[in-house]
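Below you'll find the structure, written out as structure tokens, and then a few comments.
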């Protein structure tokens, strides 16, 4: 005579619960990345002053090495958060598909890496550094 207990349904329920929580956490992490992007890409900068085309107003551009300055807010507001599962990995990210005025290049890549005529205005690492404590807190919460 023997006695046995099957825990398969308990394991399946717990796996579904953890999967839902991971999906939720990855969405929250993507939102934190977007919030950090808005903060990093805001504020005043210390570069040259330029006249806003078509107006009599001026704005201060970013100096090389600073995050890009805000002139119209289009770049800062173009970031979209997304979260998805790729196999066993949950990915949280933000993405901007804003193109340059001539439509040929992603503005974010040009600003991050610079060109032969413009020094880089790095911002990606600063966004990650600012968001990381919040993301660690999200994933450290008990499930």
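In this note's numbering, the protein residues as written are 3 to 145. Think of the CB as a built atom: it goes at the ideal place given N, C-alpha and C, for glycine as much as any other residue. If you're wondering where the values come from, they're calculated on a predicted model, not measured in any experiment.
Once the 5 residues before and after residue i are set aside, which same chain residues still bring their CB inside 6 Å of it?
i: residue 126; result: 114
i: residue 31; result: 94, 137 and 140
i: residue 73; result: 61
Taking the beta strand (DSSP E) that residue i belongs to, which residues open and close that run?
i: residue 91; result: 91-97
i: residue 52; result: 51-53
i: residue 62; result: 60-62
Under 8 Å by Cβ, that's how I've got residue i and residue j pegged, so tell me the actual separation to the nearest angstrom.
i: residue 49; j: residue 62; result: 6 Å
i: residue 132; j: residue 38; result: 4 Å
i: residue 70; j: residue 64; result: 5 Å
i: residue 98; j: residue 110; result: 5 Å
Among the options, whose alpha-carbon lies nearest the alpha-carbon of residue i?
i: residue 29; options: 40, 129, 94 and 119; result: 94
i: residue 90; options: 21, 99 and 12; result: 21
i: residue 134; options: 33, 13, 10 and 16; result: 33
i: residue 79; options: 96, 105 and 88; result: 96
i: residue 36; options: 106, 9, 45 and 83; result: 83
i: residue 66; options: 105, 103, 107 and 112; result: 112
i: residue 145; options: 44, 18, 101 and 121; result: 18
i: residue 81; options: 15, 12, 40 and 120; result: 40
For residue i, name the three-state secondary structure that DSSP assigns.
i: residue 85; result: strand
i: residue 107; result: coil
i: residue 43; result: coil
i: residue 141; result: helix
i: residue 101; result: strand
i: residue 23; result: helix
i: residue 29; result: helix
i: residue 73; result: coil
i: residue 133; result: helix
Looking only at its chain, what residues have a beta carbon closer than 8 Å to the beta carbon of residue i, apart from the 5 residues adjacent to it on each side?
i: residue 68; result: 47, 48, 49 and 123
i: residue 92; result: 24, 25, 27, 28, 85 and 86
i: residue 42; result: 69, 125, 128, 129 and 132
On the DSSP letters alone, give me the boundaries of the alpha helix (DSSP H) that residue i sits inside.
i: residue 77; result: 76-79
For residue i, which residues from the same chain have a beta carbon less than 7 Å from its beta carbon, with the 5 sequence-adjacent residues on both sides left out?
i: residue 148; result: Missing from the structure shown is residue 148; the chain here goes from 3 to 145 and no further.
i: residue 102; result: 109 and 112
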